[in-house]
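Residue 126 in the UniProt record's numbering sits at position 126 of the sequence shown, and the numbers go up by one each step.
Ideal Cβ placement from N, Cα and C applies to all residues, glycine included.
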Amino acid sequence: MDQKVLVLNGDYTAITLCSVQKAFVLLFLDKAEMVAKSEQGVLRTISHAYPKPSIIRLQRYVRVPYKGIALSRHNIFKRDHFECQYCGSTKNLTLDHVVPRSRGGESSWTNLLTACARCNHAKGHHTPNEAGLTIRQQPKKPTLAGFLKLSAGTIDQNWHAYLN
1 MDQKVLVLNG DYTAITLCSV QKAFVLLFLD KAEMVAKSEQ GVLRTISHAY PKPSIIRLQR
61 YVRVPYKGIA LSRHNIFKRD HFECQYCGST KNLTLDHVVP RSRGGESSWT NLLTACARCN
121 HAKGHHTPNE AGLTIRQQPK KPTLAGFLKL SAGTIDQNWH AYLN
């Protein structure tokens, strides 16, 4: 039951992920409709079996003020797949400013990346070029759809149409 369900707004835009239990409650209370069923089993009660949802759509359009994805340490690690963007290591991870703060670099999606402690120490207060390091993937702000893909772990094939 640790599966995730894609929640669509009334206009079929992806807004979030929720647990199977939460999705079932929304379906049972007629606050949502099932768009796609999961291929992985059913939900059973004493007397009934219900299809497990993969995608649900809210019955009413909900105005969701989009504030963007929060800039946090964990979200940057998630964006960078929990690996150093210089050497690929997955151990002793820290945050690194591409343009060092000592040179006016800000804490933003495009200036922060995941680095292992060894690479971060080797880079010091230099830029990656000055330190002789190459960035595997340039840091950028993730989109909501892209971040939902990262948060889900495994993605149901039905989701691709709504997350692209």
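Look at the segment 50 to 80 and you find these whole runs of alpha helix (DSSP H), each 4 residues long or longer: 73 to 79. When beta bridges are read from the DSSP output, H97 appears opposite L112. Residue burial annotation: I69 is buried, with at least 16 other C-beta atoms found within 10 angstroms of its C-beta. Minimum Cα-Cα distance from N9 among the listed residues A23, R44 and I56 corresponds to I56.
Residue range L144 to A152 is occupied by the alpha helix (DSSP H) that includes K149. The beta carbons of K67 and T110 sit about 18 Å from each other, so the pair does not count as a contact at 8 Å. Contact annotation, G105 with H97: C-beta distance approximately 4 Å; criterion of less than 8 Å satisfied.
Counting along the chain, R118 sits inside the alpha helix (DSSP H) bounded by residues A117 to K123.
L95 is the residue among G132, L95 and V35 whose C-alpha sits nearest the C-alpha of N75.
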